[in-house]
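Residues 330 to 452 (my numbering) are what the sequence shown spells out, left to right. From the three backbone atoms N, C-alpha and C, an ideal C-beta is built for every residue, glycine too. These numbers come from a predicted model, not from an experiment. Structure first, commentary second.
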Amino acid sequence: MPRSLLASIFSLRCPSCREGKLFRNNQPYNPNKLFEMHAKCPHCAQNLQPEPGFYYGSMYVSYALTVAIFVAVVVIGYTFFNPDMWDIVISLTLVLFLVAPLVFRLSRSIWAHMFIKKKNTTE
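This is the structure we're talking about:
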């Protein structure tokens with residue numbers, strides 16, 4: 330059964346075939362291999378870097394995801410814990426530092442799925 334669009338985005342798969350992996354390494358917390366992406370999909374050979382600087386736009390997606398996480402942490406913090414300002418600052422720093430590699434990869438996946446079309450698999 331083929332993956333849905335959301336499953337493909339969140340599992341960091343090729344936007345064209347939804348099978349091949351976008352990143353060479355599955356571990357997002359390996360700083361030496363965090364940025365390594367396949368140039369072409371290992372499953373369907375779709376070009377995953379259609380032009381130089383293609384993924385610069387994913388910074389906007391990353392910004393939006395980071396703001397959403399920021400708002401969620403602040404709302405949860407003030408709703409359940411009633412912290413002072415420095416508790417929120419420390420919490421935000423820790424949370425955003427921990428999720429940064431995940432946000433980086435997810436934003437690139439979302440960006441690729443927005444601009445690389447899915448291949449027609451009905452033959």
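Exercise for the section: With DSSP as the reference, please indicate the residues paired to residue 352 in a beta bridge. Expected result: 366
Exercise for the section: Classify residue 347 as helix, strand or coil using the three-state DSSP reduction. Expected result: coil
Practice task
Would you list the one or two residues that DSSP bridges to residue 342?
Solution key: 350
Problem - Spatial neighbours of residue 403 in its chain, beta-carbon cut-off 7 Å, leaving aside the 5 residues before and after - result: 417
Handout entry: Residue nearest to residue 361 in terms of C-alpha spacing, selected from 430, 448, 440 and 439
Key = 430
Problem - In chain order, each alpha helix (DSSP H) run of at least 4 residues that lies wholly inside the stretch 376-412 - result: 387-409
Problem - Rounded distance between the beta-carbons of residue 390 and residue 436, thought under 8 Å - result: 4 Å
Problem - Alpha-carbon spacing of residue 336 relative to residue 419, whole angstroms - result: 32 Å
Problem - Nonlocal neighbours in the same chain, by C-beta distance under 8 Å from residue 399, ignoring five residues either side - result: 421 and 425
Exercise for the section: Starting from residue 442, trace the alpha helix (DSSP H) both ways and give me its first and last residue. Expected result: 414-444
Exercise for the section: Consult DSSP for residue 333 and reduce its assignment to one of helix, strand or coil. Expected result: coil
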